[in-house]
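All letters in the sequence shown, in the order written, are residues 1 to 361 by our numbering.
Worksheet: the structure to be examined is printed underneath.
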Amino acid sequence: MADKKCPRCPEEVLIQHRYERQELDLCRTCGGLWFDKDEVNAVIRAKNPDIELSCFKESFGQSLGESDIECPTCQLNMQRHHLLEHFHLEIDICLHCEGSWLDRGELPPVEQSPELESHLQELNKGLSWKTYFFQLLLQMPVEFNAKAKCIPWVNYSLLALNILIFLAYFFNDTSYNWVLNNFAMTPSVVAEGNQLWALMSCVFLHGSVWHLGANMYFLAIIGDNLEDTLGHISYLLLYLACGLLASLGTMIWRLGSDIPSIGASGAIAGLFAMYMIWFRHASLSFMFILYQKKLSVVWFFALWVGLNIFGLFFLDDGMDYPAHIAGFVAGLMFAFLLKDWIHRKNPLLSILRHESIQLKR
Numbered sequence: 001m002a003d004k005k006c007p008r009c010p011e012e013v014l015i016q017h018r019y020e021r022q023e024l025d026l027c028r029t030c031g032g033l034w035f036d037k038d039e040v041n042a043v044i045r046a047k048n049p050d051i052e053l054s055c056f057k058e059s060f061g062q063s064l065g066e067s068d069i070e071c072p073t074c075q076l077n078m079q080r081h082h083l084l085e086h087f088h089l090e091i092d093i094c095l096h097c098e099g100s101w102l103d104r105g106e107l108p109p110v111e112q113s114p115e116l117e118s119h120l121q122e123l124n125k126g127l128s129w130k131t132y133f134f135q136l137l138l139q140m141p142v143e144f145n146a147k148a149k150c151i152p153w154v155n156y157s158l159l160a161l162n163i164l165i166f167l168a169y170f171f172n173d174t175s176y177n178w179v180l181n182n183f184a185m186t187p188s189v190v191a192e193g194n195q196l197w198a199l200m201s202c203v204f205l206h207g208s209v210w211h212l213g214a215n216m217y218f219l220a221i222i223g224d225n226l227e228d229t230l231g232h233i234s235y236l237l238l239y240l241a242c243g244l245l246a247s248l249g250t251m252i253w254r255l256g257s258d259i260p261s262i263g264a265s266g267a268i269a270g271l272f273a274m275y276m277i278w279f280r281h282a283s284l285s286f287m288f289i290l291y292q293k294k295l296s297v298v299w300f301f302a303l304w305v306g307l308n309i310f311g312l313f314f315l316d317d318g319m320d321y322p323a324h325i326a327g328f329v330a331g332l333m334f335a336f337l338l339k340d341w342i343h344r345k346n347p348l349l350s351i352l353r354h355e356s357i358q359l360k361r
């Protein structure tokens with residue numbers, strides 16, 4: 001059999017390269033890979049053993065016509081296709097021998113293409129009358145993101161714990177006042193070294209049904225993805241760390257204040273920041289009066305931060321703006337510190353940041 005030449009580097013002979021039990025052909029100069037018939041399917045199956053796959057070409061997006069490179073086997077010009085309908089990475093295919101050429105860096109999206117396609121279907125769902133009336137009535141955004149793969153036991157436990165604690169004290173005035181006096185974070189008290197546990201216990205208290213409901217809703221919709229990405233223990237530790245730093249932020253900003261602070265919103269604000277950095281491809285619906293629009297999570301949380309900064313300086317409505325901002329800053333710090341680890345642990349998150357992705361908003 002004649003040596004196969006690289007389509008990109010005509011003088012370079014391809015060498016054998018074993019990957020996922022397949023003998024592929026590699027160009028040492030440009031890093032491109034040649035796959036003979038069915039080798040791409042075998043690699044995808046090896047990476048996605050739980051997904052049924054007949055042929056990866058069946059999910060191709062738009063055909064882009066003839067390629068300017070020749071098939072290493074047939075010496076005929078190949079055809080170009082988008083990898084997926086909403087992922088416009090250009091793939092070169094030989095229609096004669098059914099081989100495939102991938103340039104350097106194109107293998108990860110291809111081998112993750114079944115899961116990538118599933119994620120893009122979730123991300124590109126449109127608004128509907130159901131999402132419209134849900135947000136109109138409850139004033140809560142709708143999330144557009146892939147479903148978590150693991151069961152978020154920690155998030156379920158946090159939701160249950162917050163609700164059970166609330167039910168245990170809220171509907172009895174004596175219990176409510178006792179809990180507030182002993183477990184809410186009062187800056188003037190904690191600053192003197194008293195009730196230090198309140199820096200954490202206040203994170204599990206809420207002052208009204210709406211306060212609890214709003215916080216638990218946001219925890220439910222974004223916490224599952226973060227727990228799936230981080231792992232159970234890391235997620236819990238980061239949630240508690242953001243809550244603690246949010247409480248410290250309130251104590252410092254309101255030093256000497258006798259007004260108690262309660263609520264999980266500071267901890268959840270930290271989750272907002274991590275979600276914004278790691279899940280930039282996700283969307284949340286935003287409603288302005290009667291107009292609903294899907295927004296990138298970056299824009300959504302940028303608006304949220306802006307409103308909190310405005311409230312910090314100009315409003316006196318009982319909202320704990322210092323906790324929100326401190327928790328968000330803490331979450332940003334953790335998000336950037338852990339970003340490389342997160343992408344190594346979850347390669348699909350890196351692929352979803354690729355310039356080829358097409359998102360509908």
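Beta carbons are placed, not taken as given, at the ideal position from N, Cα and C, and that holds for glycine.
None of the values given here were measured: they were computed from a predicted structure.
- Counting the other CB atoms within 10 Å of its CB gives residue 25 a total of 16 or more, which places it among the buried residues.
- Here residue 260 has 180, 184, 185, 186 as same chain residues with Cβ atoms under 7 Å from its own Cβ, once five neighbours each way along the sequence are excluded.
- In this structure, the straight-line span from the alpha carbon of residue 126 to that of residue 139 is close to 18 Å.
- Counting only runs that start and end inside the segment 232-257, the alpha helix (DSSP H) elements of at least 4 residues fall at 232-253.
- Taken atom to atom, the span from the alpha-carbon of residue 167 to that of residue 205 is near 10 Å.
- With respect to residue 326, residue 250 sits close: the two C-beta atoms are nearer than 8 Å.
- Collapsing the DSSP output to three states places residue 262 in coil.
- Nearest Cα to residue 359 within the set 21, 75, 124: 124.
- Buried is the label assigned to residue 61, since at least 16 other Cβ atoms lie within 10 Å of its Cβ.
- In the assembly as shown, residue 242 is a buried residue. Its beta-carbon has 16 or more other beta-carbons within 10 Å.
- If one requires a minimum length of 4 residues, no alpha helix (DSSP H) run lies completely within the segment 41-96.
- Within the same chain, and ignoring the five residues on either side of residue 350 in sequence, the residues whose Cβ sits closer than 8 Å to its Cβ are 108, 343.
- Closest in C-alpha terms to residue 32, from the list 72, 45, 50, 63, comes 72.
- Here residue 301 has 272, 276 as same chain residues with Cβ atoms under 6 Å from its own Cβ, once five neighbours each way along the sequence are excluded.
- In the structure shown, the three-state DSSP call for residue 140 is coil.
- Rounded to the nearest angstrom, the gap between the Cα atoms of residue 100 and residue 309 is 53 Å.
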